[in-house]
């Protein structure tokens, strides 16, 4: 365990007394509502409980080795992590206005996903509760997941990257199919992959494991034994809009988005659906394609998504189809090439592994191509015979 020596002990004490580790205003808001959460069956971390005292106080333990020294930042103005008391499940609780557009859209998409009877990449709502002590608010409970942006280095192969892109476009296509423009943060797309994190992850510091003390331990995605799913989890800036182009209305700048679409800078009236495609394409390009150097075959696809003119971009559904075509055009072995970072020199093992996989793929393709052709000819012949028989039956 990391401890402080006599020289540092006084500094840690002074920093603690000076308020360096005090609760920030968002944490204070949630602490002051702890009874509401407790009454509905949810428990906050020790740091957010009334009367909290730093666990390292009057000890020689360094705050870095204490879970309750981790300060919550980012989305705590809207959400907080908690534990569901009855089964100790980790959850995240969202607060929003009872009659907000955000709540209506979120619940509509969850209901539509349930009706579809298949996962459409909308995060599940586990519970919803209101309380007279906060008459203007509703609390919506979701599973605790790790943000996708924090797991970029956990991808291992080209197949991992392509599957992530595909899942995100599946989710966006579903959202658009319900006449809803997302207009939101890439930062709020979540990853659900328990088997990738054998020691879990801390809800406010994604470099730590669930204890908040040890560093996060991860299993590369391609080695994960369980499901790996991506989810849209935030709809604060989303809008439900009639898809008839004649009824597209002027919309304000969506401050929650991560990238600026060209149409936001030179006019007020715009179609938010192509703008969503631009934002997702921009994220693909700047976060991933600029990070890995052996995925340049995706550049034309991403360039189309980020075309200057909205009318030149594919719809989310068309972008999904294009990506699926790209995936099917890749060989089994090329999909399993290890991703290579642009700013690093690949180890000889990774280079050799990729060369071997590519060579094996070429040899297998050359070996089995005549067989494929033979099967194709046989299939065409059988289909032709069936048509002749059907035609003969009809004429009789």
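Numbering (the UniProt record's numbering), first residue to last: 1 to 396.
Don't be surprised by glycine CBs; every beta carbon is placed ideally from N, CA and C.
Rounded to whole angstroms, residue 277 and residue 16 show a C-alpha spacing of 46 Å. Counted as a single uninterrupted DSSP element, the alpha helix (DSSP H) harbouring residue 332 occupies residues 332 to 335. Residue environment for residue 168: buried (at least 16 other C-beta atoms within 10 angstroms of its C-beta). Taking C-beta separations shorter than 6 Å and ignoring five residues to either side along the sequence, residue 300 has no partners in its chain. By the Cβ test, the segment 22 to 31 is not in contact with the segment 111 to 129, since fewer than three Cβ pairs between them sit closer than 8 Å. When DSSP states are grouped into helix, strand and coil, residue 147 belongs to the strand group. By the criterion of a C-beta distance shorter than 6 Å, residue 273 is surrounded in its chain by 176, 181, once the five residues flanking it on both sides are discounted. Between residue 144 and the set 242, 155, 94, the nearest pair of CA atoms involves 94. In the DSSP assignment, residue 101 falls within the alpha helix (DSSP H) that extends over 101 to 116.
Of the candidates 172, 260, 98, 164, the residue whose Cα lies closest to the Cα of residue 227 is 164. Annotation: the continuous alpha helix (DSSP H) that includes residue 175 extends over 158 to 177. The segment 47 to 62 makes no contact with the segment 143 to 160: fewer than 3 CB pairs, one atom from each, lie closer than 8 Å. 302 is the residue among 89, 302, 112, 340 whose C-alpha sits nearest the C-alpha of residue 326.
Beta-bridge partners of residue 130 (DSSP): 138.
Distance between residue 84 and residue 91, taken at the CA atoms: about 7 Å. When beta bridges are read from the DSSP output, residue 230 appears opposite 191.
In terms of Cβ geometry, residue 229 and residue 192 form a close pair [threshold 8 Å]. Judged by beta-carbon spacing, residue 321 lies beyond the 8 Å limit of residue 306, meaning their Cβ atoms are not closer than that value. Here DSSP, grouped into helix, strand and coil, assigns residue 217 to coil.
The shortest C-alpha to C-alpha distance from residue 292 to any of 120, 312, 308, 341 is the one to 341.
Straight across, the Cα-Cα distance linking residue 225 with residue 140 is about 30 Å. For residue 321, the enclosing alpha helix (DSSP H) has its first and last residue at 316 to 329. Around the beta carbon of residue 98, fewer than 16 other beta carbons lie within 10 angstroms, which makes this residue exposed. Put simply, the backbone Cα of residue 184 is about 7 Å away from that of residue 235. Judged by DSSP secondary structure, residue 39 falls within the alpha helix (DSSP H) whose first and last residues are 34 to 39.
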